[in-house]
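Novice:
Number of protein chains: 2
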Amino acid sequence: MSLLSPVKESSASTRRPRQRLTKRDQLLETAWQLFYRNGYHATGIDRILADAGVAKMTLYKHFRSKEELILAVLEKRSDQFHESFSRFIRAKKRAPERQLLAAFDWLITWVSSKEFRGCFFQKAMAEYQDLHDPIHQAALAHKATFYGEIRRLVVESSFPNSKTLADQLTLLVEGAIVYSHATGSPMPAVQAREAAWSLIKNARR
Amino acid sequence: MSLLSPVKESSASTRRPRQRLTKRDQLLETAWQLFYRNGYHATGIDRILADAGVAKMTLYKHFRSKEELILAVLEKRSDQFHESFSRFIRAKKRAPERQLLAAFDWLITWVSSKEFRGCFFQKAMAEYQDLHDPIHQAALAHKATFYGEIRRLVVESSFPNSKTLADQLTLLVEGAIVYSHATGSPMPAVQAREAAWSLIKNARR
DNA sequence: GATTATACAGACAGATCTGTCTATTTTCAA
DNA sequence: TTGAAAATAGACAGATCTGTCTGTATAATC
Chain A
1 MSLLSPVKES SASTRRPRQR LTKRDQLLET AWQLFYRNGY HATGIDRILA
51 DAGVAKMTLY KHFRSKEELI LAVLEKRSDQ FHESFSRFIR AKKRAPERQL
101 LAAFDWLITW VSSKEFRGCF FQKAMAEYQD LHDPIHQAAL AHKATFYGEI
151 RRLVVESSFP NSKTLADQLT LLVEGAIVYS HATGSPMPAV QAREAAWSLI
201 KNARR
Chain B
206 MSLLSPVKES SASTRRPRQR LTKRDQLLET AWQLFYRNGY HATGIDRILA
256 DAGVAKMTLY KHFRSKEELI LAVLEKRSDQ FHESFSRFIR AKKRAPERQL
306 LAAFDWLITW VSSKEFRGCF FQKAMAEYQD LHDPIHQAAL AHKATFYGEI
356 RRLVVESSFP NSKTLADQLT LLVEGAIVYS HATGSPMPAV QAREAAWSLI
406 KNARR
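Here it is, written out as structure tokens:
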């Protein structure tokens, strides 16, 4: 994330250019919607430009290539994702075990939403499946961060064998995302929550 | 792997055009490899033709469009998949619970193989994410069949609440496929097996 | 030998793809 | 008001995409 030449807004602590950032953000937002809806390869630059109402040269001034645009979108969405997830988890004070379960409440909420169409990052790795591809790497980094958050929740709940439990819960989340998207139903997420509860109870002993 | 022109072998009971089936199978096999390796949108018809050594008109004589080719590949791979899975599961006589666990042994074997690059059908749904898209439907049908096989194993093991357990185990499998592909490691499959064992033991009570 | 199937090579249409370029207009600070 | 920065439209190159078409070659069958 690069902050560019400042303008107006002189007082603030965050000095950010308006127009420039605005166009950039328009592009990122539009690109995200189209990539998410239609896929990465299936979405052409021209379509993004038309939807965003931005000229081609403006895009290529901000991003060197389509790949770089994709990477920027992945990064932004990952940040938004983790912020939203964290907020949800911390929203209510809960007993440690219950807080862990909140991750699955969040999951259920997500897959139940009208906009849900599977995981943006899973799709990235599906289309760019080579492990060394920068896009695959970026998506994987997102997954690693997510795993880290689950892991932290498990540790804070002072489970023994925290790695094992965190691994297992993460698999449930990932599987539920796939199945919920595949079937268009939130039920898999609910089932994942039940499975998680079993595993959590088991881990306590 | 397609066996090519049988030539001779004139006696047979099934009278099928030889050349035709052969070319068709060459196309399906090559198309599968390329779709699996590089994705559906990223793989052009011309590349398939070049790799398969088949003329363009031959392809369009067998399939009306690229979409129809994709559907045929999905169907064929799904058949092969289920046959291979069933054979593995039934290979050794086991106690019911152990047979269920065999599904996870199969999973571990699969994701450990050099050729593993994630799930062909997950990728199809990732690229054709609209529920009503025929390609999505075909991939979903595959997943439904797989779920059915897991379900059958659970029922045969005479677990109470067979649906719940089958649902949960399926999620673990799916999640492990995603993570094993994402990370390039078979470990998630091993963790899924452990989680499955926990759930199975729990379900017995 | 004649007929019919199948497959061939390769040109072609028409659309779309990413990325480059130029020339013009808008924006906004000094 | 002036001048630099930013964004514009739109042409363009060159590649690639799916799908069509023609005419020819190969091979099995009658």
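From first to last, the protein sequence lines stand for chains A and B.
Residue 38 in my numbering sits at position 38 of the first sequence, with consecutive numbering throughout.
Residue 218 in my numbering sits at position 13 of the second sequence, with consecutive numbering throughout.
Every residue gets a Cβ at the ideal spot worked out from N, C-alpha and C, and that includes glycine.
Span of the alpha helix (DSSP H) holding L172 of chain A?
Specialist: The residue given as residue 172 of chain A occupies position 172 in the first sequence. Note, L172 of chain A: alpha helix (DSSP H), 162-183.
Novice: If you reduce the DSSP assignment to three classes, tell me which class T43 of chain A lands in.
Specialist: In the first sequence, counting from the first residue as 1, residue 43 of chain A sits at position 43. Here T43 of chain A sits in coil by DSSP.
Novice: Any C-beta of chain B sitting closer than 7 Å to the C-beta of K163 of chain A?
Specialist: As a working note, residue 163 of chain A is residue 163 in the first sequence. Chain B, which has no Cβ nearer than 7 Å to the Cβ of K163 of chain A, makes this no.
Novice: Using a Cβ-Cβ distance cut-off of 7 Å, determine whether V178 of chain A contacts chain B.
Specialist: The count along the first sequence starts at 1 and reaches residue 178 of chain A at position 178. True, the Cβ-Cβ gap to chain B drops below 7 Å.
Novice: Using three-state DSSP, classify Q334 of chain B as helix, strand or coil.
Specialist: Here residue 334 of chain B corresponds to residue number 129 of the second sequence, with the count starting at 1. Looking at Q334 of chain B - three-state DSSP - the assignment turns out to be coil, as it is neither helix nor strand.
Novice: Which of the residues in the segment 119-149 of chain A, read from start to end, lie with their CB under 7 Å from any CB of chain B?
Specialist: For the segment 119-149 of chain A, which is checked against every Cβ of chain B, the residues closer than 7 Å are Q122, K123, M125, A126, E127, Q129, L131, L140, K143.
Novice: Using the beta-carbon of each residue, which ones in chain B are nearer than 8 Å to T109 of chain A?
Specialist: On the first sequence, residue 109 of chain A is found 109 positions in, with the first residue counted as 1. Under the 8 Å cutoff, chain B gives no residues; its nearest Cβ is about 18 Å from T109 of chain A.
Novice: Do we get a CB-CB distance below 7 Å when we pair D230 of chain B with the residues of chain A?
Specialist: Mapped onto the second sequence, residue 230 of chain B falls at position 25. Not one chain A Cβ lies under 7 Å of D230 of chain B.
Novice: Going by beta-carbon coordinates alone, are S367 of chain B and V359 of chain B separated by less than 7 Å?
Specialist: What you label residue 367 of chain B is simply residue 162 of the second sequence in a count that begins at 1. What you label residue 359 of chain B is simply residue 154 of the second sequence in a count that begins at 1. Yes; because the gap between Cβ atoms is below 7 Å, this pair is in contact.
Novice: Quick check: L28 of chain A and K76 of chain A, are their CB atoms within less than 7 Å of each other?
Specialist: For the purposes of this step, residue 28 of chain A is identified with residue 28 of the first sequence, where counting begins at 1. For the purposes of this step, residue 76 of chain A is identified with residue 76 of the first sequence, where counting begins at 1. Contact: yes.
Novice: Out of A:I150, A:L49, A:L74, point me to the one whose CA is closest to P96 of chain A's CA.
Specialist: The residue labelled residue 96 of chain A in the question sits at position 96 within the first sequence. Out of A:I150, A:L49, A:L74, A:I150 has the C-alpha closest to the C-alpha of P96 of chain A.
Novice: Leaving out five residues before and five after D335 of chain B in sequence, what residues of the same chain have Cβ atoms less than 8 Å from its Cβ?
Specialist: The residue labelled residue 335 of chain B in the question sits at position 130 within the second sequence. The answer, listed in chain order, is H341.
Novice: Can you list the alpha helix (DSSP H) stretches of 4 or more residues lying completely in the segment 271-301 of chain B, in chain order?
Specialist: Listed in chain order, they are 271-296.
Novice: Helix, strand or coil: how does DSSP classify R242 of chain B here?
Specialist: The sequence position of residue 242 of chain B within the second sequence is 37, counting from 1. Three-state DSSP puts R242 of chain B in a helix.
Novice: Verify whether the separation of the beta carbon atoms of T428 of chain B and I253 of chain B is less than 7 Å.
Specialist: Chain B is shown only over 206 to 410; residue 428 of chain B falls outside these bounds and no answer can be derived.
Novice: To the nearest angstrom, how far is the alpha carbon of A217 of chain B from that of F116 of chain A?
Specialist: Here the question's residue 217 of chain B lines up with position 12 in the second sequence. Here the question's residue 116 of chain A lines up with position 116 in the first sequence. Any reading at A217 of chain B must be qualified, since the residue scores a pLDDT of 30, below 50, and its modelled position is unreliable; no value is offered.
Novice: When you compare the CB of L172 of chain A with every CB in chain B, is at least one pair closer than 7 Å?
Specialist: The sequence position of residue 172 of chain A within the first sequence is 172, counting from 1. Yes, its Cβ sits closer than 7 Å to a Cβ of chain B.
Novice: Under 9 Å Cβ-Cβ, which residues of chain B neighbour T183 of chain A?
Specialist: Here residue 183 of chain A corresponds to residue number 183 of the first sequence, with the count starting at 1. Going along chain B in sequence order, the residues near T183 of chain A (Cβ under 9 Å) are L336, L345, K348, A349.
Novice: Roughly how many angstroms separate the alpha carbons of R87 of chain A and A139 of chain A, rounded to a whole number?
Specialist: Translated into positions along the first sequence, residue 87 of chain A becomes position 87. Translated into positions along the first sequence, residue 139 of chain A becomes position 139. Those two C-alpha atoms are separated by around 21 Å.
Novice: Measure the beta-carbon distance from E272 of chain B to P365 of chain B and round it to whole angstroms, keeping in mind my assumption that it falls under 8 Å.
Specialist: For this step, residue 272 of chain B is matched to residue 67 along the second sequence. For this step, residue 365 of chain B is matched to residue 160 along the second sequence. Incorrect: roughly 44 Å between the Cβ atoms, too far for contact.
Novice: On a CA-only basis, which of B:H386, B:A247, B:W311 is nearest F351 of chain B? Give me that one, please.
Specialist: Within the second sequence, numbered from 1, the residue matching residue 351 of chain B stands at position 146. With distances taken between Cα atoms, F351 of chain B lies closest to B:W311.
Novice: Hey, how far is the Cα of Y40 of chain A from the Cα of K406 of chain B?
Specialist: Translated into positions along the first sequence, residue 40 of chain A becomes position 40. Translated into positions along the second sequence, residue 406 of chain B becomes position 201. So the two alpha carbons sit approximately 42 Å from each other.
Novice: Just to confirm the assignment, what range does the alpha helix (DSSP H) spanning P339 of chain B have?
Specialist: For the purposes of this step, residue 339 of chain B is taken as the residue at position 134 of the second sequence. Counting along the chain, the alpha helix (DSSP H) containing P339 of chain B begins and ends at 339-361.
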